[in-house]
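First residue of the sequence shown? That's 33 in my numbering, and the numbers climb one at a time after it.
Backbone N, C-alpha and C define an ideal beta-carbon position, used for all residues, glycine too.
This report concerns only the one structure given below.
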Amino acid sequence: MAKGYPGFPKGGGNMNNMMKQVQKLQKQMETMQEDLKNKEVEATSGGGAVKAVVNGNKELVSLKIDEEVVDPDDVEMLQDLIVAAVNEAMRVAEEKMSSEMSKLTGGLNIPGL
């Protein structure tokens with residue numbers, strides 16, 4: 033007679049169901065990651081003078097700069113505005129991906145995701 037261990041049921045029926053659920057979750061996560069790669073988020077700095085658009089792969093897709101902030105005597109300010117806009121767009125993209133993943137995983141903290 034097979035003896036069960038605490039926390040583990042006798043037989044493999046539940047294990048098969050769990051494996052199917054894990055495989056389903058993995059497929060859903062792959063689909064969601066692919067969808068998120070195609071989404072874009074934008075962020076601005078300098079009151080909208082610099083706008084950065086980033087995709088779900090955290091790649092800079094576009095950068096728009098209003099002419100009035102282009103001052104040859106103050107290049108550092110423009111550089112700071114660009115860095116701020118790009119960093120904010122990256123942060124928003126990361127937040128969006130994390131939020132979508134946590135909806136799927138039910139808040140589980142799965143390493144590597």
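Straight-line Cα distance separating residue j from residue i
i      : j      : result
Met129 : Pro104 : 38 Å
Glu126 : Val102 : 29 Å
Asn70  : Met64  : 10 Å
Val107 : Lys96  : 16 Å
Gln60  : Met47  : 20 Å
Leu136 : Leu57  : 8 Å
Met133 : Glu66  : 12 Å
Glu62  : Met109 : 40 Å
Ala20  : Gln55  : Outside the modelled stretch of the chain, which goes from 33 to 145, sits residue 20, for which no answer is possible.
With 16 other Cβ atoms within 10 Å as the buried cut-off, status of residue i
i     : result
Lys52 : exposed
Gly88 : buried
Val86 : buried
Met50 : exposed
Minimum C-alpha distance to residue i - residue among the options
i      : options                       : result
Ile114 : Ser131, Met133, Glu132, Ala84 : Ala84
Gly78  : Met122, Asp98, Thr137, Leu57  : Asp98
Ala81  : Glu62, Lys56, Gly138, Asp112  : Asp112
Ser94  : Asn48, Gln58, Glu72           : Glu72
Ala116 : Ala75, Ser134, Thr137, Met133 : Ala75
Val118 : Thr137, Glu91, Ser134         : Glu91
Ser131 : Val54, Glu62, Leu68           : Leu68
Alpha helix (DSSP H) segments (min. 4 residues) lying fully within the stretch 53–129 = none
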